[in-house]
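Structure record follows, encoded as structure tokens.
In full-length UniProt numbering, the protein residues as written are 1 to 1072.
Here is the structure:
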């Protein structure tokens, strides 16, 4: 299916990229595919304004290339682009160093993640941030800098939630902060399970959680449920309605503290008399980081919760995110215990999520009824340092607990379907541990969270086949915890990495200190469950009453193969048993890759942007060091590496050397020197001495045996650009494109009477060996541009191939009402697609129109193109598939504001859009944008209806539109559905109006989805001069009233097959 992506002309476009890998279908970065192979996406694709104010546009969620439009005042910024783990990253050069040093969150430049999280420009008005400060002074300065844009203040955490305007000016304000994070979105990750962890023994001892406050930061709690009634304190940190519309939070809360009243005590929680502090931090679909932070502060600081349950999380990256930092900070300052789900990304290694990855968190894995690790439960070691996580485990498979009224997640319980349901996940395991902690806190009200954590881990049970990186110390056992008098510190022993190469490895020893809080001395018998990598310095140790004693555990991997090694130190004395998990990772093969950066003077360069990645892997790094030399330790394998050396005195990108090595087979320690002196100049000129290059795109595309590797740079002008490839020469092509305007004609040539878009694709060797191209007037095509409406104009000229694949984009601006001549290159198979944006400002383009053209211009020819001329109406053009069927899927994507010249268009600033799909009277699908679909349709023929309604229009015209199709479709009818539009073609003057009091012809033209005339169809026309209050039928000759006003039109059509169409345009054009 060909999706309609205005601004991209139906294909993925190039970004100002550092490195863009593209590989086979199963690689991390798949090669770009033609639009016909893309999944349906919203009309217009996606545009994301980064926190820097730069705009990134992609054609689909799965795009591996993007087009970047710099923000105001950022014409000298370059960009790095790559695909990591299926996510497209676009990093501006002035943010790269901040990302590398972890001052700025890399998620802010994860285009795929931002789209998936609902942060694109159509879905989210601002950039949601969390700003963190390491000092009170910095916090005060940041608070002043962001002013009214701060939406939430967490003083105890020195953090601000900010809704940053999508402009480059805000970037300067937010980077005053010590840390800048995306206000991300996390996911919400007992009749048998409660006895499984020993809770009934605690109840028999009189411990039921009385007086204990346990916070549940979740989707809210149904406080009216019989199991929780009267014991819930609520606060809503979201914009959603209160209570629990999801059901997750209620299930979690009742696992902790449910009374079992609705099940005659059968589904009683772990601490049934505890008070639940319900912090609603999750809406119906996600949980915002800022809401979670505010909930954490409320629970631990304001409400003095002893235990805080977070059955939620997200991906963990190397370094601490704001939630992890908050867990560590609040644990230390308040003594609260944060019990957090490990995540449901198992069984792969290193999948424990954040904030469960925080040091202070008691991180919970899930086991089944036999204490076997659940397949879905996330595993360690922790990302970055190979530390031991998770810490503990609890039942998380098929857990029955309270069902919130009106919710439908999970499976209703067989015996009490209206009040209980079954769910599985580490979200369900976590509240078992939180409830156990509440019972232990009731028994020891003087203990802080660290002591509770220490005791719960020490007393856990290893009865299944779990290993430390799966279950931590094992399944929680609250009955044993209540009688535990001996604990160990640290609670687990992480030896981390034994780094490659291993010739110099040494045995590493650490101490484990046992503490005896009892009244008699205890002699502990010590044993290791595995002696493969670990040894103890003794077999027994005596711990005095009220005192401590230490033993030494040693990890020695010198004779072992690479891999992960875990064991348990089991210390026993009578009924006392202490389990301490130990772990070490013997690092697989790694080598040093050293990169040197030298300028034209042969001296080290400080300003460079270097990227290294794997075409068929997930590795990606942007290394930097002020010395000009960086060293990385990498696994053996194939990599791609490249750099941009900025040689300009002002470090503004005006003098660059692009040097790259598409194939680097790393088999040992390696050194590479990027030397600007060895790079070859790139030169281009146009046949006009008054012209100056506005910007240029240079890109190379070469084939390796792992796929396609693309390097490129978008830079101001084209002077002082050099290119060099290191390593073996690979076959491929290069694109050299530049945009020119009259010198001194304003930003992007806004006042220039002309624009040159010159570009071509040539063998890559032609660029690497020295490119010098002088374009002649006789090889250019001239196209006069006439713009109607709007306050600003911006055009994108996209150099493409015959399949619509875009290889470079040039941008030029103009003013409405003025005319400009575009000169376009025609040689070497150059094909151009032009998108024109008319809007109220360059921050709010509004009206977008895509030129329905994918062909070559002829040299020395002159044509004229009009943009935005009335009437604006739904109209099909041949290049896109508007309404179609693929198997049991029916889709429709309609352009409501196609102009008189036939450029499909829409307005990003429409007041409202509704697109619906019906089968008979049954609503199958609806959306608040221009695309709708429905799947799972029956095979047989049925009558379907598509209805789209919009308000807002553009430039005061087409302020309300309605388009409705009815047609018959069945599974046998694949491809385009035989619908058609009826379009009007009145003769309007240059201002887009007709003369009042005149009689004018309004021809009706029926066109199918290929833009061809529909013959034999009945067509009808109605007109209105009072914005649709009254209508009258009309022939092609329309009598216009005197005075000034608007003409509204309603057309109807029916073809021989019974397909019908009805289109209404309020204020289609003016009369005066």
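C-beta: ideal position from N, C-alpha, C; glycine also.
In the structure shown, the three-state DSSP call for residue 749 is helix. Under the DSSP assignment, residue 674 falls in the beta strand (DSSP E) whose first and last residues are 670-675.
Between residue 1061 and residue 951, the C-beta spacing is not below 8 angstroms.
Just so you know, the alpha carbons of residue 175 and residue 111 end up roughly 20 angstroms apart. Counting every other CB atom within 10 Å of its CB across the protein chains shown gives residue 989 a total below 16, marking it as exposed. Annotation for residue 699: the continuous beta strand (DSSP E) segment containing it runs 691-704. The Cβ atoms of residue 897 and residue 958 lie closer than 8 angstroms to each other. Here residue 1059 is actually not in contact with residue 938; their C-beta atoms are around 20 angstroms apart, not less than 8 angstroms. Rounded to the nearest whole angstrom, the CA to CA distance from residue 907 to residue 712 is 32 angstroms. The alpha-carbon separation between residue 367 and residue 566 amounts to approximately 18 angstroms. Secondary structure note for residue 102: it is in no alpha helix (DSSP H), with a DSSP letter that is neither H nor E.
Beta-bridge partners assigned by DSSP to residue 468: none are found. Membership of residue 202 in the alpha helix (DSSP H) is indicated by the continuous run 199-204. Two segments are said to touch when three or more pairs of C-beta atoms, one from each, lie closer than 8 angstroms; by this definition the stretch 269-288 touches the stretch 214-230.
In this structure, residue 460 sits away from residue 486, with a CB-CB distance that is not shorter than 8 angstroms. A contact is defined here as three or more CB-CB pairs under 8 angstroms, and the stretch 905-922 fails this definition with respect to the stretch 1032-1046.
The straight-line gap separating the alpha-carbon atoms of residue 223 and residue 560 is approximately 56 angstroms.
With a threshold of 16 other beta carbon atoms within 10 Å, residue 760 meets it and is buried. In the DSSP secondary-structure assignment, residue 1053 is bridged to 1019, 1061. Between residue 831 and residue 801, the C-beta spacing is below 8 angstroms. The Cβ atoms of residue 578 and residue 514 sit closer than 8 angstroms to each other. A direct Cα-Cα distance of roughly 7 angstroms separates residue 94 from residue 77. Contact between residue 310 and residue 332 does not hold, since their C-beta atoms are separated by about 17 angstroms, which reaches or exceeds 8 angstroms.
In the three-state scheme derived from DSSP, where H, G and I count as helix and E and B as strand, residue 763 is classed as strand. Of the candidates 1029, 1019, 635, the residue whose Cα lies closest to the Cα of residue 1035 is 1019. In terms of Cβ geometry, residue 680 and residue 748 do not form a close pair [threshold 8 angstroms]. Bridge pairing for residue 235: 279 [DSSP]. In the DSSP annotation of this structure, the continuous segment of the alpha helix (DSSP H) that includes residue 324 starts and ends at 322-334.
Here residue 185 is near residue 286, since their CB atoms are less than 8 angstroms apart.
Ranked by Cα distance from residue 585, the options 593, 508, 628 are led by 508. Cα atoms of residue 402 and residue 254: separation of roughly 6 angstroms, rounded to the nearest angstrom. In this structure, the straight-line span from the alpha carbon of residue 482 to that of residue 209 is close to 13 angstroms. Listed in chain order, the non-local C-beta contacts of residue 274 below 6 angstroms within the same chain comprise 209, 212, 214, 257, 438, local neighbours out to five positions each way being set aside.
Where residue 429 is concerned, the enclosing alpha helix (DSSP H) starts and stops at 426-443.
By the neighbour-count definition (other C-beta atoms within 10 Å, threshold 16), residue 575 is an exposed residue. Between residue 199 and residue 270, the CB-CB gap stays under 8 angstroms.
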